[in-house]
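**Student:**
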Amino acid sequence: MVQTLAFKLIIYVCSLGALDGACWSCLKRSYSIREFFFTREPIWTHTTSAKTRISCLVDVVNVMETRSVIFTRSCYSNGYKVSRAFEGIFDKFRRKHMNVTPKGNGANFQEDILYMSSDRSCAVIAVTYPFCGRHVMYDLRVRNSHIQKPLHHKCVHVYQKYERYGRVLYNSSCQGILPSTIKAGLYQPNDRCPMRMK
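FYI, the working numbering numbers position 193 of the sequence shown as 193, with every residue one higher than the one before it.
Here's what the structure looks like:
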């Protein structure tokens with residue numbers, strides 16, 4: 001009797017372990033937005049779902065902390081370079097999530113990393129704004145060392161799951177926006193809002 005109960009207990013525990021293992025394998029991988037931003041390379045928004053007139057959108061990390069990052073976001077808007085510093089606060093419980101606050105006046109917004117390549121060269125990021133007609137935009141972002149290379153096929157595949165068509169913001173002339181000698185106006189996040197008829 002005791003041996004039978006012991007045998008059943010062993011089978012039960014092993015079954016739980018097998019189920020637990022199967023469950024873990026079903027979970028989606030949790031990507032870390034901090035890991036993607038943890039670089040000295042400029043990070044380009046190669047393609048976006050936003051119907052916008054801006055081009056050459058790029059982030060440059062200024063300060064990286066355990067729970068936050070300060071970065072400068074620049075782009076060309078109506079032919080002029082505009083820039084602004086932002087602080088991103090990483091979520092302690094959701095590695096994919098970052099709350100973004102502009103330095104100075106402006107509305108906060110959120111960014112969530114949906115996919116990141118194993119070499120961290122590219123990522124798919126959802127941007128949620130409290131403004132704009134479309135509240136969620138999808139970006140395909142690429143680190144500078146890989147921006148001139150063919151896009152990572154898995155990044156493209158994942159991006160197209162969220163957005164079949166997108167606007168390409170990057171071209172080879174965009175590298176000229178990086179030197180700090182270029183005088184910049186103030187970047188406004190709502191510059192990324194869909195184009196409106198005047």
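Ideal Cβ positions, reconstructed from N, Cα and C, are used throughout, including at glycine. Keep in mind it's a predicted model, so treat the numbers as computed, not measured.
Anyone know if the C-beta pair for Ile33 and Arg95 falls short of 9 Å?
**Tutor:** Yes, the pair counts as a contact, with Cβ atoms nearer than the cut-off.
**Student:** Quick check on Thr47 - is its C-beta less than 9 Å from some C-beta in chain B?
**Tutor:** Annotation note: the requested chain B is absent from the structure, which comprises a single protein chain.
**Student:** Answer yes or no: do Thr39 and Asp139 have a C-beta to C-beta separation smaller than 9 Å?
**Tutor:** No.
**Student:** Given Arg141, which residues of its chain have a CB within under 7 Å of its CB, disregarding the five upstream and five downstream residues?
**Tutor:** Cβ within range, chain order: Ile43, Trp44, Thr45, His46, Cys122, Ala123 and Ile125.
**Student:** Anyone know if the C-beta pair for Cys174 and Ser55 falls short of 9 Å?
**Tutor:** Yes, they are a contact pair.
**Student:** Determine which residues share a DSSP beta bridge with Asn99 and list them.
**Tutor:** In the DSSP output, where bridge partners are listed per residue, Asn99 has Ile89 and Gln110.
**Student:** Taking all protein chains shown into account, do 16 or more other C-beta atoms lie within 10 angstroms of the C-beta of Arg84, making it buried, or fewer, making it exposed?
**Tutor:** Buried, since its Cβ has 16 or more Cβ neighbours within 10 Å.
**Student:** Quick one: what's Ala126 bridged to in DSSP?
**Tutor:** According to DSSP, which records beta bridges pairwise, Ala126 is partnered with Asp112 and Tyr138.
**Student:** Give the range of the alpha helix (DSSP H) segment to which Ile33 is assigned.
**Tutor:** That run of the alpha helix (DSSP H) goes Ile33 to Phe37.
**Student:** When the Cα atoms are used, what is the spatial distance from His157 to Leu169?
**Tutor:** Approximately 18 Å between the Cα atoms of the pair.
**Student:** Specify the secondary structure class of His46 as computed by DSSP and reduced to three states.
**Tutor:** Of the three classes helix, strand and coil, the one that applies to His46 here is strand, per DSSP.
**Student:** Taking the beta carbon of Ile153 as the centre, do at least 16 other beta carbons fall within 10 Å, making it buried, or is it exposed?
**Tutor:** Checking the displayed sequence, the identity of residue 153 turns out to be His instead of Ile. That one is exposed.
**Student:** Can you say whether Pro189 is buried or exposed, counting buried as having 16 or more other CB atoms within 10 angstroms of its CB?
**Tutor:** Buried, because 16 or more other Cβ atoms sit within 10 Å of the Cβ of Pro189.
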